[in-house]
Amino acid sequence: MKIYRTKNGIVVEKNQELYAVNEQDWDAFINDDDLYQKLARLLVDKKPDAQAHDWITTGLLPPIANQEVWASGVTYYRSKLGRQEESKDSGGGTFYEKVYLAERPELFMKSTGPRVVGHLQNVRIRKDSIWNVPEPELTLLISSSGKILGYTIGNDMSSRSIEGENPLYLPQAKVYDGATSLGPCVFVSNEPLPASTTIALEIIRDSSLVFSDSITIDQIKRSFAQLVEFLYREYSFPCGAFLMTGTGIVPDQSFTLQPGDSIKIHIEGIGTLINAVDQTEMHQ
């Protein structure tokens, strides 16, 4: 099942049918260790609702309210190699190899809920960065107790020239206005996603495909349970949290985003998240 947050309320999708739910409090609705069972109970006597389609079409919001978005770094081997390459001139390459091999993962806060943009909204590239890429990531929805409830699609926009200059610049490379996108929905299941689940990225520029790549989530080095356990050590999430699980799609230095580019991230079973790069934020 999938759940959507809209301006008019919550919509649930099951077997390609849409149902409007009389519930406005997104935080309370999703922060439930029995979320899958709750959705199943809600739909027992419900009939598909025509207005639910209108709600999604005209008022879709990012699937987040007061949750925080955190991110995991260097969880794919491809990411380790990419980070080492971008930081080799600064001498920071060994940091990425060490964190890839260490027991403790790299975790950092990416965004607060109100700063997240959603499906068909614009993301941004920093004006003080010359190398900018999207990072397509499977993103976990986690309850306040630490239970993985579902999955969404995340775009972890990154300023690689800034991060490559010095690993200590990571927050500036990762955290800025328009740097985080989630959506279009949360996929809720009582079973883990198959290890063969594919994440695919396409970037369209002037109606032409300028970059594409894909990877399966079985290439993630760490288990989701391990990432969640470290995230929840000594830190509480009263409304639950979203955790990006890292990227295995790493464009080389020959590619950088430009204003007007369309970024399409597809994850099997969840859907497609589309964002355009804000054309008013050109590099200066």
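Residue numbers (numbering that gives the first Met the number 0): 0 to 283.
In this text, a Cβ means the ideal position worked out from N, Cα and C, and glycines have one as well.
Remember, it's a predicted structure, so these values are computed and weren't measured experimentally.
Between the CA atoms of residue j and residue i - distance to the nearest angstrom
i                 : j              : result
aspartate 109     : glycine 268    : One point to set straight first is that residue 109 is lysine, not aspartate, in the sequence displayed. Straight-line Cα distance between these residues: approximately 24 Å.
phenylalanine 223 : proline 183    : 21 Å
glycine 58        : glycine 8      : 9 Å
tyrosine 95       : threonine 196  : 26 Å
phenylalanine 186 : serine 261     : 23 Å
lysine 290        : arginine 221   : Because the chain here runs from 0 to 283, residue 290 falls outside it and cannot be looked at.
serine 213        : valine 115     : 24 Å
methionine 281    : proline 47     : Any answer about methionine 281 is weak, because its pLDDT of 44 lies below 50 and its placement is not dependable; what the coordinates show is given next. Cα to Cα, the separation comes out at about 44 Å.
arginine 4        : proline 61     : 7 Å
glutamine 283     : arginine 204   : Note that glutamine 283 scores 43 on pLDDT, short of 50, meaning its location in the model is unreliable; the coordinates nonetheless yield the value given after this. Taking the straight line from one Cα to the other gives about 20 Å.
proline 113       : histidine 265  : 23 Å
methionine 156    : isoleucine 124 : 8 Å
proline 135       : leucine 230    : 20 Å
arginine 103      : valine 227     : 11 Å
leucine 106       : glutamine 278  : 31 Å
glutamine 218     : serine 71      : 14 Å
serine 207        : threonine 138  : 28 Å
glutamine 252     : aspartate 24   : 44 Å
histidine 52      : tyrosine 150   : 21 Å
proline 133       : aspartate 31   : 31 Å
proline 258       : asparagine 131 : 11 Å
alanine 194       : isoleucine 129 : 35 Å
Whole-angstrom C-beta distance between residue j and residue i, which should lie under 8 Å
i              : j              : result
glutamate 201  : lysine 263     : 4 Å
leucine 181    : isoleucine 216 : About 17 Å; that fails the 8 Å criterion.
leucine 242    : isoleucine 141 : 6 Å
isoleucine 273 : leucine 148    : Not confirmed; about 24 Å, so no contact.
asparagine 21  : cysteine 238   : That belief does not hold up - the Cβ atoms of asparagine 21 and cysteine 238 are roughly 21 Å apart, past 8 Å.
valine 10      : isoleucine 63  : Rounded, the Cβ-Cβ distance is 15 Å, inconsistent with contact.
Residue i classed as buried or exposed, judged by whether at least 16 other C-beta atoms fall within 10 angstroms
i              : result
glutamate 162  : buried
proline 166    : buried
glutamate 233  : exposed
serine 119     : The sequence shown places leucine at residue 119, not serine. The residue in question, leucine 119, is exposed, as its Cβ has fewer than 16 Cβ neighbours within 10 Å.
lysine 173     : buried
valine 122     : buried
tyrosine 76    : exposed
glutamate 67   : buried
serine 211     : exposed
asparagine 154 : buried
alanine 101    : exposed
serine 330     : A query on residue 330 cannot be resolved here, the shown segment of the chain reaching from 0 to 283 and no further.
CB contact check: residue i to chain B, cutoff 9 Å
i           : result
leucine 140 : This model lacks chain B altogether; it includes just one protein chain.
Closest by C-alpha distance to residue i, when choosing among the options
i           : options                        : result
lysine 13   : Ile124, His118, Tyr35          : Tyr35
valine 209  : Leu256, Leu148, Ile198, Ala178 : Leu256
leucine 41  : Gln50, Ile248, Ile2            : Ile2
glycine 247 : Asn189, Tyr99, Val276, Gln15   : Tyr99
glycine 145 : Gln15, Gln225, Asp176          : Gln225
Runs of alpha helix (DSSP H) wholly within the segment 30-59 (minimum 4 residues, chain order): 34-41, 49-58
Contiguous beta strand (DSSP E) assignments of at least 3 residues, all confined to the segment 126-208: 135-141, 147-155, 179-187, 197-204
Secondary structure, alpha helix (DSSP H): runs of 4+ residues fully inside the segment 215-245: 223-230
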